[in-house]
Amino acid sequence: MQRRILAGDRLIATFLIGCVLFNYPLLSLFDRPLALFGVPLIYAYVFAAWALVVGLMAWAIERRIS
Amino acid sequence: MSKRILIADDEQNIVISIEFLLRREGFEVLVASDGEEALAKVRAERPDLVLLDVMMPRMNGFDVCQALRADPDLGGTRILMLTAKGRDTEVSKGLGLGADGYMTKPFSTKELLAEVRKLLGM
Amino acid sequence: MLEAPVVVTVALVYLGLLFAVAWWGDKRADQGRSIIANPTIYALSMAVYCTTWTFYGSVGRAAVSGIGFLPVYLGPTLVMALGWFLLLKMVRIVKANRITSIADFISSRYGKSHRLGGLVTIIAVLGIIPYIALQLKAVSGTVSLLLSYPDIVMPDRSATMSVAADMSFYIALILAAFTIVFGTRHLDATERHEGMVAAIAFESSVKLVAFVTVGVFVTYGMYDGFGDIFEHIATHPELRRLVTAIPSGQGYTGWFSLIILSGLAVLFLPRQFQVAVVENVNEAHLKRAAWLFPLYLLLINVFVLPIALGGLLHFSGQAVDADTFVLTLPMSQRQQGLTLLVFIGGLSAGTGMVIVETIALSTMVCNDLVMPLLLRRKAAALEERKDLSGLLLAIRRGAIVVILLLGYLYFRLAGEAYALVAIGLISFSAVAQFAPAIIGGMYWRGGTRAGALAGLSAGFLVWGYTLLLPSFAKSGWLPADFLTQGLFGSELLRPQQLFGLTGMDEISHCLFWSSLANIGAYLGVSLLRPPLAAEATQATLFVDALKETGPVGAALWRGRAQVSDLRELVGRFLGPTRTEAAFAAFARRRGGKGAALEADAQLVQFAESLLAGAIGSASARVMVASVAKEEPLSLEEVMHILDEASQLRTYSRELERKSRELTAATRELQDANARLQELDKVKDDIMSSVTHELRTPLTSIRAFSELLRDDPKMHLADRERFLGLIVSETERLTRLINQTLDLAKIESGRADWNGCELDLKEVVEQSVAATSQLFREKGAHVELDLPDNLPLILADRDRLVQVMLNLLSNAVKFLPPGSGRVHVVLRALAEGLEVSVADNGPGIRAEDQALIFEKFRQVGDTMTAKPSGTGLGLPISRRIVEHFGGRLWVESAPGEGATFRFTLPYAGPAEPAAVAGNPA
Chain A
127 MQRRILAGDR
137 LIATFLIGCV
147 LFNYPLLSLF
157 DRPLALFGVP
167 LIYAYVFAAW
177 ALVVGLMAWA
187 IERRIS
Chain B
4 MSKRILIADD
14 EQNIVISIEF
24 LLRREGFEVL
34 VASDGEEALA
44 KVRAERPDLV
54 LLDVMMPRMN
64 GFDVCQALRA
74 DPDLGGTRIL
84 MLTAKGRDTE
94 VSKGLGLGAD
104 GYMTKPFSTK
114 ELLAEVRKLL
124 GM
Chain C
26 MLEAPVVVTV
36 ALVYLGLLFA
46 VAWWGDKRAD
56 QGRSIIANPT
66 IYALSMAVYC
76 TTWTFYGSVG
86 RAAVSGIGFL
96 PVYLGPTLVM
106 ALGWFLLLKM
116 VRIVKANRIT
126 SIADFISSRY
136 GKSHRLGGLV
146 TIIAVLGIIP
156 YIALQLKAVS
166 GTVSLLLSYP
176 DIVMPDRSAT
186 MSVAADMSFY
196 IALILAAFTI
206 VFGTRHLDAT
216 ERHEGMVAAI
226 AFESSVKLVA
236 FVTVGVFVTY
246 GMYDGFGDIF
256 EHIATHPELR
266 RLVTAIPSGQ
276 GYTGWFSLII
286 LSGLAVLFLP
296 RQFQVAVVEN
306 VNEAHLKRAA
316 WLFPLYLLLI
326 NVFVLPIALG
336 GLLHFSGQAV
346 DADTFVLTLP
356 MSQRQQGLTL
366 LVFIGGLSAG
376 TGMVIVETIA
386 LSTMVCNDLV
396 MPLLLRRKAA
406 ALEERKDLSG
416 LLLAIRRGAI
426 VVILLLGYLY
436 FRLAGEAYAL
446 VAIGLISFSA
456 VAQFAPAIIG
466 GMYWRGGTRA
476 GALAGLSAGF
486 LVWGYTLLLP
496 SFAKSGWLPA
506 DFLTQGLFGS
516 ELLRPQQLFG
526 LTGMDEISHC
536 LFWSSLANIG
546 AYLGVSLLRP
556 PLAAEATQAT
566 LFVDALKETG
576 PVGAALWRGR
586 AQVSDLRELV
596 GRFLGPTRTE
606 AAFAAFARRR
616 GGKGAALEAD
626 AQLVQFAESL
636 LAGAIGSASA
646 RVMVASVAKE
656 EPLSLEEVMH
666 ILDEASQLRT
676 YSRELERKSR
686 ELTAATRELQ
696 DANARLQELD
706 KVKDDIMSSV
716 THELRTPLTS
726 IRAFSELLRD
736 DPKMHLADRE
746 RFLGLIVSET
756 ERLTRLINQT
766 LDLAKIESGR
776 ADWNGCELDL
786 KEVVEQSVAA
796 TSQLFREKGA
806 HVELDLPDNL
816 PLILADRDRL
826 VQVMLNLLSN
836 AVKFLPPGSG
846 RVHVVLRALA
856 EGLEVSVADN
866 GPGIRAEDQA
876 LIFEKFRQVG
886 DTMTAKPSGT
896 GLGLPISRRI
906 VEHFGGRLWV
916 ESAPGEGATF
926 RFTLPYAGPA
936 EPAAVAGNPA
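Protein chains in written order, with this note's numbering: chain A, 127 to 192; chain B, 4 to 125; chain C, 26 to 945.
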């Protein structure tokens with residue numbers, strides 16, 4: 127029971143993190159003509175944030191809490 | 004003069020054993036195998052002591068005891084109750100009805116002799 | 026070469042493969058070995074979200090607006106983080122209430138309203154048909170492209186093409202046939218389609234593989250990786266803006282609106298609701314799917330921008346539509362195999378969407394539009410039809426064909442018009458109108474039917490006015506003035522600057538105004554009056570779906586219905602076989618309480634939920650009401666029940682379990698106690714007697730033993746006599762103990778009885794033979810009167826021998842020595858056989874005749890001294906005879922001997938012939 131509550135809280139936190147990462151104003155910080163290893167910054171940022179959110183979700187759901 | 008004892012019991016083998024025991028000790032022994040017969044023999048033969056079984060046909064030991072104590076002529080007759088039911092209520096009932104002693108079956112022959120002698124004042 | 030026959034063959038073979046997968050999935054489901062019972066398959070089936078609009082369209086959008094296509098996938102990613110809560114609740118509600126579609130969901134929540142279900146269906150159909158048209162366009166467009174391979178010729182859609190020559194018409198027909206086969210293969214018209222889900226998951230894998238393969242090919246085959254493509258861009262200033270900024274036409278507001286819209290769409294698009302909620306086989310699958318599905322979205326989007334940029338660079342200056350880059354880039358490199366793979370991927374995206382969407386819509390049309398009309402208008406006609414399951418399937422199949430043909434019609438009319446290109450987001454905006462009614466309904470008890478109707482209607486109208494009609498105007502179907510001048514020339518009513526609101530993209534604009542109207546009307550109207558009883562009931566079922574609670578629904582139904590009526594009603598829609606099976610399973614679950622004529626509330630609810638699975642909840646309510654006389658509950662009563670339910674909810678389940686355990690334990694204890702008391706009584710009786718009876722022989726044994734011990738010089742004759750007496754008293758003790766135990770066993774019911782059919786004559790003869798020595802010793806004579814061929818009786822042979830031996834040895838004891846006579850007679854009576862053992866002994870006084878059957882009661886005679894038995898023989902014998910249904914008694918008078926008799930009933934029914942032939 128405790129474990130399910132914790133996993134649920136982590137998912138909600140992930141949702142909130144995603145909302146912040148994917149939107150103005152954080153998004154605007156990366157919305158400039160720069161490149162990271164040749165990849166446009168905004169493009170790299172969105173995909174990195176996206177991967178982070180998916181990874182956090184997987185972690186929250188799959189992790190066994192010992 | 005030897006003392007006269009009546010054995011009143013419907014169990015033949017018990018009668019045989021006690022009769023043998025008492026005769027060997029020099030007592031004169033009479034036998035009755037039910038309550039009515041016992042009462043009749045006490046009146047007719049005037050034994051000094053009656054060994055009275057409680058559970059007997061026709062008339063049980065308590066009734067016989069009561070009848071004996073109701074008869075003033077028989078005041079000197081000692082009564083020793085013998086019963087297989089060793090409950091306290093039975094003991095007090097027997098003594099309350101005027102019995103002089105009480106023994107629970109099975110008993111030791113030595114104790115029986117000791118009790119008999121005590122009741123007969125020997 | 027990619028000739029037409031090759032393309033068509035490949036497409037048909039692929040569709041055949043899909044069908045095989047679906048068929049296999051259905052077969053496994055029938056066998057109970059579901060292949061879709063797997064979180065990965067479930068996540069893949071959710072990826073039906075990615076249609077051709079993703080497969081081809083994302084690249085097209087990226088070519089125009091850079092990363093502007095991404096919010097459509099970010100929204101679902103965020104929503105899936107909440108999926109464990111939102112979707113879980115939806116799945117619970119849908120399963121508990123056998124909900125078949127999103128229209129059913131809303132209608133059910135607000136008191137099973139036909140009108141609400143119908144409105145939702147209409148919004149869904151209007152919003153989705155253009156979306157289906159988009160898939161037809163993409164599939165037929167790619168087929169035309171392929172046919173000109175290796176040249177890249179953009180399809181020229183001239184309005185003059187006849188329907189008969191139009192490939193997309195045939196595609197629509199093929200898809201309709203396919204959908205019918207997938208979606209209505211089962212005759213039972215239930216809501217779930219395992220085969221379809223398997224096929225959709227398969228298609229999702231294909232389209233992901235195809236798209237990633239193209240992406241890798243373009244990025245690493247045609248260019249030198251991501252960096253290389255972006256470097257090329259540097260030399261094209263007009264392309265640089267695509268990768269450096271949020272597109273200006275969209276802005277952060279538009280970006281945000283798209284995230285919200287797509288997040289709602291991934292929940293409320295009919296096809297998403299179908300695969301994620303209705304087809305969910307195990308709610309635990311939601312967990313892994315919650316991150317696998319976003320991962321899928323991430324993967325399928327990684328190469329969108331490289332492909333778009335690569336296409337723009339490669340086809341620079343050529344008239345190649347960016348929407349076709351996914352296909353035309355491999356074509357331009359003469360990659361035949363890859364081209365076919367992409368085509369199959371696109372076909373997967375298109376067909377997957379069309380199949381699921383059409384199944385979902387056809388279910389809604391059938392259950393929430395057609396059935397209610399039929400029920401209202403043609404109730405009489407429906408009454409006459411015994412089995413309606415065929416009709417249901419026919420309606421669904423008809424709806425599938427009509428929906429696809431409408432899609433085709435829209436495609437023909439719209440052509441290349443704006444109205445088609447923008448339809449993805451227009452559809453999303455339409456289904457977003459369901460959000461207040463659904464989410465509000467799941468978390469707020471106060472929402473009412475009127476509120477939901479008002480909200481949906483208002484949102485729908487605003488959506489139509491601010492998004493759909495303008496798209497028509499932009500396609501030239503409405504005067505352009507409508508956009509610039511507004512309705513009736515009123516500036517304030519300009520559809521995309523409503524009330525003068527400017528500075529927003531059209532999607533955000535529509536989202537704002539429609540949300541305001543929708544949520545405002547929903548809340549406002551709901552707050553006008555308290556919910557009705559039916560609404561409050563359903564509100565509880567929905568809002569409390571995740572709480573551990575018993576079936577509250579059944580508590581909220583009161584009325585009378587006949588089981589047979591319900592059974593017949595359900596049978597008409599589901600078919601008799603399935604109905605029988607379902608009712609039987611229900612009866613089993615409830616512990617076999619299925620035989621009652623009158624249905625209780627739970628059975629009525631069960632029947633309604635069965636029906637709801639086939640015809641929708643609102644229609645099911647109407648149908649059940651037609652056979653059940655419901656006594657409507659007042660709102661106060663409903664609230665009272667709900668209050669009680671909620672107070673008790675926390676403990677009710679635990680209490681129920683405890684109480685069941687306690688009942689069982691109590692019953693066991695009572696049984697045990699009764700048995701103990703009985704045993705105790707038996708024991709008590711026996712103990713008081715037994716102690717006496719044991720002491721008597723012990724007294725003799727002790728006395729004799731002491732005499733022998735104390736007198737070593739005793740005469741030999743006395744010694745031998747006393748030892749013999751000791752031995753016989755010991756034997757008496759042993760016998761007494763054995764019989765006491767035997768009687769105790771019989772009385773406590775623990776005796777072993779070996780009942781068999783046997784010939785009583787044999788038993789009597791055997792017993793007489795066994796006791797002959799006793800009689801001889803006493804000089805007695807035994808007479809037998811035992812006729813042959815008597816009927817058999819049912820008893821235990823050894824026990825009967827025991828009875829006979831007891832009677833015979835008893836007789837011997839009381840016989841006068843030398844002149845004893847015993848007469849044993851066996852005869853047949855009407856009720857059974859009778860054995861009598863008569864002696865010429867002293868007889869028994871009338872007052873003693875009952876006593877001799879009591880334990881340890883021996884009736885002796887002074888003259889004969891005490892009998893040597895244990896006093897248990899007759900009580901045991903009587904109990905043995907009574908055990909086999911007979912009687913044992915004595916007839917006697919003093920001085921005239923005693924006759925013991927017992928009877929035993931015949932083994933079978935009495936045979937008069939045998940009785941008549943009895944010589945005795």
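All C-beta atoms in this analysis are idealised placements derived from N, C-alpha and C, irrespective of residue type, glycine included.
Q. Using a Cβ cut-off of 8 Å, which residues of the segment 6-17 of chain B contact any Cβ in chain C, in chain order?
A. So the list reads Asp13, Glu14, Gln15, Asn16 and Ile17, given in the order they occur along the chain.
(Q) Strictly by DSSP, which residues pair up with lysine 654 (chain C)? (A) C:Arg585
Q: Identify whether serine 844 (chain C) lies in helix, strand or coil by the three-state DSSP scheme.
A: coil
**Q.** Whole-angstrom C-beta distance between valine 906 (chain C) and leucine 913 (chain C), which should lie under 8 Å
**A.** About 4 Å separates the two Cβ atoms, so the contact holds.
(Q) I'd like to know if glutamate 256 (chain C) contacts chain A, where contact means its C-beta is closer than 8 Å to some C-beta of that chain. (A) With 8 Å as the cut-off, glutamate 256 (chain C) counts as an interface residue toward chain A.
Q | Cβ-Cβ distance between valine 38 (chain C) and isoleucine 225 (chain C) below 8 Å | A | no
Q. So histidine 806 (chain C) is in the beta strand (DSSP E); what residue range does that whole segment cover?
A. Its beta strand (DSSP E) spans residues 806-810.
**Q.** Contacts that arginine 727 (chain C) makes with chain B (C-beta to C-beta distance below 9 Å)
**A.** Ser20, Lys108, Pro109, Phe110, Ser111 and Thr112
Q | Simplified DSSP assignment, three categories, for leucine 817 (chain C) | A | coil
**Q.** For alanine 462 (chain C), the nearest candidate out of C:Lys232, C:Leu478 and C:Ala72 (CA to CA)
**A.** C:Leu478
**Q.** Enclosing beta strand (DSSP E) for proline 930 (chain C) [first to last residue]
**A.** Run containing proline 930 (chain C): 923-930, per the beta strand (DSSP E) assignment.
Q) Are the Cβ atoms of glutamate 916 (chain C) and threonine 928 (chain C) separated by less than 8 Å? A) no
Q) Closer than 7 Å: is that where the CB of alanine 149 (chain C) sits relative to any heavy atom of the ligand PLP? A) Ligands in the displayed structure: none, and consequently the ligand PLP is not present.
Q. Excluding five sequence neighbours on each side, which residues of the same chain lie with their C-beta closer than 7 Å to the C-beta of threonine 946 (chain C)?
A. Because residue 946 (chain C) is not part of the residues shown, which for chain C are 26 to 945, the question remains open.
Q. Using 8 Å as the limit for Cβ to Cβ distance, is valine 179 (chain A) near chain C?
A. Taking 8 Å as the CB threshold, valine 179 (chain A) lines the interface with chain C.
Q) At least one CB of chain B closer than 8 Å to the CB of threonine 721 (chain C): is that the case? A) yes
Q) Any idea if proline 30 (chain C) is buried or exposed, counting beta-carbon neighbours within 10 angstroms, 16 or more meaning buried? A) Around the beta carbon of proline 30 (chain C), fewer than 16 other beta carbons sit within 10 angstroms, so the residue counts as exposed.
**Q.** Beta-carbon contacts of glutamine 874 (chain C) that lie in its chain and below 6 Å, excluding the five residues immediately before and after
**A.** Val915
**Q.** C-beta contact flag for leucine 9 (chain B) and glutamate 48 (chain B) at 8 Å
**A.** In contact: leucine 9 (chain B) and glutamate 48 (chain B) (Cβ atoms closer than 8 Å).
Q: Answer with buried or exposed for valine 104 (chain C), where buried requires no fewer than 16 other C-beta atoms within 10 angstroms of its C-beta.
A: buried
Q.
Between the alpha carbons of leucine 40 (chain C) and serine 387 (chain C), how many angstroms are there, rounded?
A. 21 Å
Q | Of the residues C:Lys880, C:Ile332, C:Leu144 and C:Asp51, the one placed nearest isoleucine 901 (chain C), counting alpha carbons only | A | C:Lys880
**Q.** Residues that phenylalanine 30 (chain B) contacts on chain C, provided the C-beta gap is smaller than 9 Å
**A.** In chain order: nothing, as chain C lies at least about 15 Å away.
Q.
Mapping the DSSP letters down to three states, classify proline 166 (chain A) as helix, strand or coil.
A. strand
Q: Spatial neighbours of alanine 301 (chain C) within its chain, please: CB distance less than 7 Å, with the 5 preceding and 5 following residues excluded, ordered by chain position.
A: Taken in chain order, the residues that qualify are Met71 and Leu112.
**Q.** Short CB-CB distance (under 8 Å) between glutamate 916 (chain C) and chain F
**A.** Annotation note: the requested chain F is absent from the structure, which comprises protein chains A, B and C.
Q. Is valine 345 (chain C) helix, strand or coil by DSSP?
A. If DSSP states are grouped into helix, strand and coil, valine 345 (chain C) belongs with coil.
Q.
Counting only beta-carbon separations shorter than 8 Å, does threonine 755 (chain C) have a partner in chain B?
A. no
(Q) Quick check on histidine 848 (chain C) - is its C-beta less than 8 Å from some C-beta in chain B? (A) no
Q: Using a Cβ cut-off of 8 Å (strictly closer), state whether threonine 765 (chain C) contacts chain B.
A: Not an interface residue.
(Q) Using a Cβ-Cβ cutoff of less than 6 Å, which residues in the same chain neighbour isoleucine 21 (chain B) once the five nearest sequence positions on both sides are dropped? (A) Ile10
**Q.** Chain-ordered neighbours of valine 327 (chain C) on chain A, where CB pairs are closer than 8 Å
**A.** Phe173
Q | Cβ pair count under 8 Å reaching 3, the segment 450-461 of chain C against the segment 521-529 of chain C | A | no
**Q.** Selected residue, minimal CA-CA separation from phenylalanine 328 (chain C), among C:Gly240, C:Gly415 and C:Leu413
**A.** C:Gly240
Q) For the 8 Å Cβ check, are there 3 or more pairs between the segment 252-272 of chain C and the segment 323-342 of chain C? A) yes
Q) What residue does the alpha helix (DSSP H) around aspartate 864 (chain C) start on, and which one ends it? A) Aspartate 864 (chain C) -> not in any alpha helix (DSSP H); beta strand (DSSP E) instead, spanning 857-864.
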